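**Q** This is the structure, below, for whatever I ask next.
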Amino acid sequence: MSSLPLSVDVVVVGGGLAGLASARALAGVGASVLVLEREAACGQHASGRSVGMGRQLTDDDLTTTLAVRGASALRVMAAAPGRAALWRQHGSLLTFDRADGAAAYAARAARVGVVAEPIGPAEVRARWPQVDGGAVAAGLWIASDGLIDLPALVAALVDDVTAAAGVVACGCEVTDVQVAGDGATVHTGRGVVRASAVVDAAGAWAGTLAAAWGARDPGLVPRRRHVFALPAPAMAPSGPFWWHLGQAEIYLRPAPGEILTSACDAEEVPPHDPAPVPGADVAARARLAQHGVAAGDFTRTWACLRTFGPGAGPVVGRDPDRPWLWWAAALGGHGATTALAIGADLAAALAPTLHPR
């Protein structure tokens, strides 16, 4: 186990997608960066338990803009040798209970330059014959959406950080952060590090950690979601995902030999490492049945936490009361698609404060 540097420009707390993308962008502009991850490896919580759907259109313009930019950056990363799995552009089917829901999304797509083709139940059934389409009043075909291999993305981000002379330290929990001049000292089980800035990218724990450091929790809310795997021996991860954004919200995501699905539950919970809740499978089966999908035995089940801020979009940028503290949190389940854009924005704002000209 290597020792930590005594001093860096930026300590990033959290080795998920937000933290790694921020560290990658900062290291890319010459900042010395240390990522501290409590777990034995990066991407063990929300970043590693998402199903990797590259959905660009969301419920608000801010997140959508970040997702469009993030998807574009992922395509660039995926073009590098050995990185094709970071973005496989198979498209998506977004459907709605009401025509005005599809119209609102189509208008948002036009504002951000995403091509959205109107579809109906027949197009859904053609691509997903498991779905009867009875709940679909209108929908959109987004050819530029895709599927993301999350373990490959986490590994690529770690590689990029270290290639730019950044340090990623796993199994290294932050025990305290204290003000030191115009920066901070970060206390860990492996020593103390002096930093000009600290980026809080600790996911569901971001708010409670910041409060322990004397900052104000901006109102971050973790919400639990369950994911289930349906056996589908003939399924290949080469088709579009389907996401119904109506009252009976659900998605189906193709994966090798199986279909990943969720009833999109969002129960508010304290930050913790969630296990599946008994009975969650019953709710998922009922939701699938509403769309005509026959559910046999689930072969896998897991839970994750998605964290939301007090308003639309993530919490990103400098803390108003602690100049040394920066936020990269509350990605709201869209981290896989937005993280690279969030990292770029944070680095663009933070880097000039490190070495004023």
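If you want my numbering, it's the 1-based position in the sequence shown plus 52.
Using N, Cα and C, we set each Cβ at its ideal position, and we do this for glycine too.
None of these values were measured; they are calculated from a predicted model.
Would you tell me roughly how many angstroms separate the C-alpha atoms of L312 and T240, rounded to the nearest one?
**A** Taking the straight line from one Cα to the other gives about 38 Å.
**Q** Here's a check: name, in chain order, each residue in its chain whose Cβ is nearer than 6 Å to the Cβ of G67, leaving out the five neighbours to either side.
**A** Here the set comprises V87, E89 and C94.
**Q** On the DSSP bridge assignment, give the partners of Y303 in chain order.
**A** Note: Y303 sits in a beta bridge opposite W295 and S314.
**Q** If H296 and A355 are in contact, beta carbons under 8 Å, what's the gap, nearest whole angstrom?
**A** Wrong, their Cβ atoms sit about 21 Å apart, outside the cutoff.
**Q** Do S54 and R50 have their beta-carbon atoms positioned less than 8 Å apart in this structure?
**A** Since the displayed the chain opens at 53 and closes at 409, residue 50 lies outside it and no answer follows.
**Q** In the DSSP assignment, what are the bridge partners of I171?
**A** Bridge partners of I171: G191.
**Q** Enumerate, from N- to C-terminal direction, the unbroken beta strand (DSSP E) stretches of 3 or more residues contained entirely within the region 90–161.
**A** 144–148, all fully within the region 90–161.
**Q** Residue range of the alpha helix (DSSP H) that D203 falls in?
**A** It should be noted that the sequence gives Pro, not Asp, for residue 203. Here the alpha helix (DSSP H) through P203 covers L202 to A215.
**Q** What is the rounded straight-line gap between the Cα of S99 and the Cα of L69?
**A** Rounded to whole angstroms, S99 to L69 spans 6 Å at the Cα level.
**Q** When DSSP labels each residue in this structure, what does Q45 get in the three-state scheme?
**A** The question about residue 45 has no answer here: the residues shown for the chain are numbered 53 through 409.
**Q** Just to confirm the assignment, what range does the beta strand (DSSP E) spanning A381 have?
**A** From DSSP, the beta strand (DSSP E) with A381 extends over L377 to A381.
**Q** Three-state secondary structure (DSSP) at T237?
**A** T237: strand per DSSP, three-state reduction.
**Q** Please state if the CB of L145 and the CB of V120 are separated by a distance shorter than 8 Å.
**A** Cβ distance not < 8 Å, so V120 and L145 don't count as in contact.
**Q** What's the gap between the Cα of V20 and the Cα of P181?
**A** There is simply no residue 20 to check, as the chain begins at 53 and stops at 409 in what is shown.
**Q** Roughly how far, in whole angstroms, is the beta-carbon of L398 from the beta-carbon of W376, given that I think they are within contact range, below 8 Å?
**A** The pair is not a contact, with the Cβ atoms about 14 Å apart (cut-off 8 Å).
**Q** My assumption, with CB atoms under 8 Å, is that T39 sits in contact with A258. Please give the rounded CB distance.
**A** It is not possible to answer for residue 39, since the shown part of the chain is limited to 53 through 409.
**Q** Smallest Cα separation from A156: which of L192, A249, E310 and T353?
**A** Residue L192 is the option with its Cα nearest to A156.
**Q** Taking 8 Å as the limit between beta carbons, can you name the residues of its chain near A318, skipping five residues before and five after?
**A** Around A318: R275, R276, R277 and R358.
**Q** Using the Cα positions of P308 and L282, report the straight-line distance between them to the nearest angstrom.
**A** If you take the alpha carbons of P308 and L282, they lie about 11 Å apart.
**Q** Which residues does DSSP pair with T390 in a beta bridge?
**A** According to DSSP, T390 bridges with nothing at all.
**Q** Cβ atoms of A391 and A73: under 8 Å apart, would you say?
**A** Yes, the pair counts as a contact, with Cβ atoms nearer than the cut-off.
**Q** Can you tell me which of the three DSSP states V166 falls into?
**A** Note: V166 maps to coil in three-state DSSP.
**Q** To the nearest angstrom, how far is it from the Cα of A396 to the Cα of P292?
**A** The straight-line gap from Cα to Cα measures roughly 28 Å.
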